[in-house]
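Please read the structure below before turning to the comments.
2 protein chains.
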Amino acid sequence: MMTGKNYIGNVLSSTGKITFKTFNPKTNTENETVYTEAAGAEIEAAVRLADAAFTAYSQVSGADKSAFLTAIAQEIEALGSLLIDTYCSETGLPESRALGERGRTIFQLRSFAALVAEGSWVEAAISTADATRKPLPKVSVRSMLTPLGPVVVFGASNFPLAYSTAGGDTAAALAAGCPVIVKSHPMHAGTGELIASAVIRAAEQTGMPRGVFSNLNSRGIEVGVELVKHPKVKAVGFTGSVQGGRALYDLASQRPEPIPFFAEMGSINPVVLLPEAMEKNAEKWARAYATSIALGSGQFCTNPGLILGVKGNSLDQFIAILAKELANTVPSCMLHPKIVGSYENNKKMMADHSGVNPVIKHTGDVGINEGRPAVMTVDGATFSENKNLHQEVFGPFSLVVQCTHVEALTAVLAGLEGQLTGTIIGETKEIHQYPSLISTLQQKVGRLIFNGVPTGVEVCESMVHGGPYPASTDSRFTAVGTRSIKRWLRPVSFQQWPNDLLPDALKDENPLKIHRKVDGIPTKDPISDVVS
Amino acid sequence: MMTGKNYIGNVLSSTGKITFKTFNPKTNTENETVYTEAAGAEIEAAVRLADAAFTAYSQVSGADKSAFLTAIAQEIEALGSLLIDTYCSETGLPESRALGERGRTIFQLRSFAALVAEGSWVEAAISTADATRKPLPKVSVRSMLTPLGPVVVFGASNFPLAYSTAGGDTAAALAAGCPVIVKSHPMHAGTGELIASAVIRAAEQTGMPRGVFSNLNSRGIEVGVELVKHPKVKAVGFTGSVQGGRALYDLASQRPEPIPFFAEMGSINPVVLLPEAMEKNAEKWARAYATSIALGSGQFCTNPGLILGVKGNSLDQFIAILAKELANTVPSCMLHPKIVGSYENNKKMMADHSGVNPVIKHTGDVGINEGRPAVMTVDGATFSENKNLHQEVFGPFSLVVQCTHVEALTAVLAGLEGQLTGTIIGETKEIHQYPSLISTLQQKVGRLIFNGVPTGVEVCESMVHGGPYPASTDSRFTAVGTRSIKRWLRPVSFQQWPNDLLPDALKDENPLKIHRKVDGIPTKDPISDVVS
Chain Z
65 MMTGKNYIGN VLSSTGKITF KTFNPKTNTE NETVYTEAAG AEIEAAVRLA DAAFTAYSQV
125 SGADKSAFLT AIAQEIEALG SLLIDTYCSE TGLPESRALG ERGRTIFQLR SFAALVAEGS
185 WVEAAISTAD ATRKPLPKVS VRSMLTPLGP VVVFGASNFP LAYSTAGGDT AAALAAGCPV
245 IVKSHPMHAG TGELIASAVI RAAEQTGMPR GVFSNLNSRG IEVGVELVKH PKVKAVGFTG
305 SVQGGRALYD LASQRPEPIP FFAEMGSINP VVLLPEAMEK NAEKWARAYA TSIALGSGQF
365 CTNPGLILGV KGNSLDQFIA ILAKELANTV PSCMLHPKIV GSYENNKKMM ADHSGVNPVI
425 KHTGDVGINE GRPAVMTVDG ATFSENKNLH QEVFGPFSLV VQCTHVEALT AVLAGLEGQL
485 TGTIIGETKE IHQYPSLIST LQQKVGRLIF NGVPTGVEVC ESMVHGGPYP ASTDSRFTAV
545 GTRSIKRWLR PVSFQQWPND LLPDALKDEN PLKIHRKVDG IPTKDPISDV VS
Chain E
65 MMTGKNYIGN VLSSTGKITF KTFNPKTNTE NETVYTEAAG AEIEAAVRLA DAAFTAYSQV
125 SGADKSAFLT AIAQEIEALG SLLIDTYCSE TGLPESRALG ERGRTIFQLR SFAALVAEGS
185 WVEAAISTAD ATRKPLPKVS VRSMLTPLGP VVVFGASNFP LAYSTAGGDT AAALAAGCPV
245 IVKSHPMHAG TGELIASAVI RAAEQTGMPR GVFSNLNSRG IEVGVELVKH PKVKAVGFTG
305 SVQGGRALYD LASQRPEPIP FFAEMGSINP VVLLPEAMEK NAEKWARAYA TSIALGSGQF
365 CTNPGLILGV KGNSLDQFIA ILAKELANTV PSCMLHPKIV GSYENNKKMM ADHSGVNPVI
425 KHTGDVGINE GRPAVMTVDG ATFSENKNLH QEVFGPFSLV VQCTHVEALT AVLAGLEGQL
485 TGTIIGETKE IHQYPSLIST LQQKVGRLIF NGVPTGVEVC ESMVHGGPYP ASTDSRFTAV
545 GTRSIKRWLR PVSFQQWPND LLPDALKDEN PLKIHRKVDG IPTKDPISDV VS
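So the sequence lines, in the order shown, correspond to chains Z and E.
Here the first sequence is numbered in my numbering, starting from 65 and rising by one per residue.
Here the second sequence is numbered in my numbering, starting from 65 and rising by one per residue.
Next up, the structure:
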């Protein structure tokens, strides 16, 4: 059933010479299927098809795009256990995680389907004409969001479903009216091919133009580089390391025509433990954070990699319980031997820094490719002075920074780089004492959390999954939630445009019955002013 | 009254060694005041003040920001004839233009004042909690737009008021909650200083934090370069040439922390003349376009620099009348001898290209620093093959491209670079025959115009002044209209945040009475669900 080929539009193709296999970290063996990396001519063909499809696809109605996205969700469900088995064999993750991530992926597709079916997402704004205005008559100007053009989506190693082939970026771009070319992640090329087949079937069932979707295999960086540099590609979505994201961002911004490049990269997601909360509930929060740190072997971009507290007995108690809980956690398989290797290496480098003290003493063994959780401590001054300690350790790891008092903790926060999330654990009364801590943290992050854990990202309109650099390359956009559709859009104005040639969203009669702003006032009413 | 100094916050300062004067192109002499370029320490001081002001200013209420913007408008009006005289002495533009541009500048400030007083611009979105949801409880997540941080605004040579010191970018950034540092344009440093004094007085009257605004003089590029590279600067707005804009964009994107850099750059604003409209109304449109081309000596970014028509008697008639009208136009003074020099040089280079034919025969003389209007013709194939002919000639110039038929004209459009505007002149029935022409043009521009001229940019919510590269560096944002506030904002989510610590825009009770989206539904109602 698995072909190992690329989807160039709806055609399976494998003319290239570079091949590779995926790896099962649970069994520590290669999987069977041989995948063929997309050749230069295949990359060119996929981009040309996407470009050719753009005009037609950009004009597909919201109802029809909604049907397409819904069909993708149905086709993914129809893949059944083959998808789940393939996912597990390429990630080492348990079936429960595969099922959960599939559910999330389907929910995302359905959320975007609902968004475009309703239609108000285009932000239609209408300024009516006024021929009597002095000194100059006012012309009719109407604007709405329109798609940017062909979009490239890079699959993410840690979310083979929700942030890869038909994940958040793809769903958002297809909803926006942009054809998508996926650069499949080499670690889960089989999962990618299955999902791609579902998208292609859905496109055919719902009559979408040929080339609206392609899926390209890659072993190394070359396919991605070619795609980012291609003049007909108009935007790129990426999830991965700071190093990889920045290199591709640089390519995108140095093109003759620079394009938006959205990278969601590293984050250590600082968590502030306020003193009273620790006095009252050190044990409760230590248990909650042990679970959050170990979740999915810590392979989440929202993993709490940095915990800041005030020195004292309560913090000592928190650390002791956290260490004990994590030491007792059954280690779980990581995504790939390379990721395990990096994790062990990064932990060792962290422990080797002056002033850093590991606090977990393990007794049991870990299995092959399993990540052993780790907690280390350091004092606030040492942490602030050594930027190497601010680096993400991808895996079930957290560094606890012990500060002398809350003001010193705020100063440590002020020296941090941009982050996806920032969390405050505190008593409700206590948090009011530290306005400067809150404003400092807010300026560093995309999402603030009170008395919770950063893992678990709700898919909703109000979710911001992004943040100041290097959490992402553009803090003005989110990677999660329906608001992420804005990544793939630009506004266009229509001045004195004939009503019957306007897009439906801007026509006088408001045939889509969407929310619009008319001369600044939100309304669903038609335009009565026939003068416009 | 003019000091020639920099405003470092509300302190006048001139510790630098580089001085310069502005130039009166009408009298062809230097103006009297000596301006001192900002020294390195002054640049540093201005940025540090802005950074220090950011936390307080980002929390100023909409009502108070509105009062600040309104006070700026009042203080600009209070500058009276001194401002108008200074403007004219630094630009060669007539008093009527100075008055018009002042009116527009004040209108912009008042538009943003109204926007932030009303408050719904923050795009508040609320996802309520649901403790009963399975398999996991749903947390409360609320998001709104928040300011990016200190913003640098480059003054524009061609709009000393509306797109400089307190122009569109500054008004939008101050409305957003971002402190602003202006890199004043050297050609109108006096106008800049007067406006800066008005902003500073307004800031003091309305109790804004020190450092919310600074104005730095510059003779060359160094001050701008230092500002763009400064780590505490979080975004930049620029209006000017492709060469200058791209160089600064490259600096901004190559910083250790890349920042949004908005450059509104070159555009030749293609105008399509459909055959039936020419048969019926060649004379009417030729007169309208002669006026549009000559307006303000053609020194507008929306100047119609490219006119595309179908070969034949009607187009010949259009060209003949356009040439005659422009030949009879009284030439007007351009902004600076350097601009006149570039204009004459670019016209000559254009005329020297093979296949390009000038069509205006002048008889009269032009005065000193005046720009003589020019129209040239070329055939479609020659234009498509030679990208040099696609360059902007800044001034009262237009190139008429003669195509063999409408399909050939569409192919010429397909080969164009990104543009601010695209215009179609046609009979209402005729335009329906060319859907491919319309979609091709739409993909190239930020604003489509039917049966009008591109000059004259309405300041309203639905205006898009921007477009695909190189019209701007980021087609997702506009430089004109209240939508431009989005340049200076990023969304932040608040998860399970205590209600009394939420920004007012997100509080349960909706104290600002703004439009919000609650679980996807637009409403001004408070949140009744106390569970959240």
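Note that CB positions come from ideal geometry on N, CA and C, so glycine has one too.
Because the structure is a prediction, the values reported are computed rather than measured.
Counted within 10 angstroms of its Cβ, other Cβ atoms place residue i as buried (16 or more) or exposed
i, result
"D589(Z)", "exposed"
"E471(E)", "exposed"
"A415(Z)", "exposed"
"H579(E)", "buried"
"S596(Z)", "At S596(Z), the pLDDT of 40 sits below 50, so the modelled position is not reliable; the number obtained from the coordinates is stated separately. With 16 or more Cβ atoms within 10 Å of its Cβ, S596(Z) is classed as buried."
"T587(Z)", "exposed"
"E456(E)", "buried"
"T93(Z)", "exposed"
"Y141(Z)", "The question names Tyr, but residue 141(Z) in the sequence shown is Glu. Exposed is the call here."
"S77(E)", "buried"
"A239(Z)", "buried"
"H496(Z)", "exposed"
"M65(E)", "exposed"
"I585(Z)", "exposed"
"M398(Z)", "buried"
"V598(E)", "Because chain E spans 65 through 596 in this model, residue 598(E) falls outside it and cannot be assessed."
"L146(Z)", "exposed"
"I489(E)", "buried"
"H249(Z)", "buried"
Reference residue i; option with closest CA among the options
i, options, result
"P295(Z)", "A102(Z), D380(Z) and P320(Z)", "P320(Z)"
"G301(E)", "G530(E), P555(E) and S592(E)", "G530(E)"
"S228(Z)", "I170(Z), T393(Z), I371(Z) and E456(Z)", "I170(Z)"
"A235(Z)", "P324(Z), T67(Z), A178(Z) and K402(Z)", "A178(Z)"
"A347(E)", "D380(E), I323(E), N410(E) and I332(E)", "This sequence places Glu at residue 347(E); Ala is not what is there. Taking only the C-alpha atoms, the option nearest E347(E) is D380(E)."
"L212(Z)", "P339(Z), N574(Z) and K550(Z)", "K550(Z)"
"K425(E)", "N410(E), A384(E) and S396(E)", "A384(E)"
"A220(E)", "A327(E), S548(E) and F132(E)", "A327(E)"
"T155(E)", "T86(E), K508(E) and R540(E)", "T86(E)"
"K202(Z)", "I591(Z), D583(Z) and Y151(Z)", "D583(Z)"
"I107(E)", "S305(E), L280(E), Q269(E) and M208(E)", "L280(E)"
"G288(E)", "G330(E), L370(E), G309(E) and F558(E)", "G309(E)"
Which residues DSSP lists as bridging residue i, in chain order
i, result
"E434(Z)", "C397(Z)"
"N88(E)", "T93(E)"
"L280(E)", "K247(E)"
"I371(E)", "V335(E) and V464(E)"
"P586(Z)", "K581(Z)"
"L209(E)", "P555(E)"
"T303(Z)", "E328(Z)"
Beta-carbon neighbours of residue i, restricted to chain E and to distances below 7 Å
i, result
"A189(Z)", "E525 and S526"
"S597(Z)", "Residue 597(Z) lies beyond the stretch modelled for chain Z, which goes from 65 to 596, so this question has no answer here."
Closer than 9 Å at the beta carbon, the chain E residues around residue i
i, result
"I513(Z)", "V203, S557, F558, Q559, Q560 and W561"
"H615(Z)", "Here chain Z covers residues 65 to 596 and nothing more, so residue 615(Z) does not appear."
"P586(Z)", "S184, H579 and P586"
"I495(Z)", "P562 and L565"
Amino acids of chain Z, ordered along the chain, whose beta-carbon sits closer than 7 Å to that of residue i
i, result
"T537(E)", "P322"
"G510(E)", "V556 and S557"
"S317(E)", "S317"
Contact set between residue i and chain Z, taken where Cβ atoms lie within less than 9 Å
i, result
"G516(E)", "V203, Q559 and Q560"
"R547(E)", "E187, A189, S207 and P555"
Can you give, in chain order, each stretch of the beta strand (DSSP E) that sits fully within the stretch 511-560 of chain E and has at least 3 residues?
If one requires a minimum length of 3 residues, the beta strand (DSSP E) runs lying completely within the stretch 511-560 of chain E are 553-559, in chain order.
Beta strand (DSSP E) segments (min. 3 residues) lying fully within the stretch 427-486 of chain E:
Within the stretch 427-486 of chain E, the complete beta strand (DSSP E) segments of 3 residues or longer fall at 438-443 and 461-467, listed in chain order.
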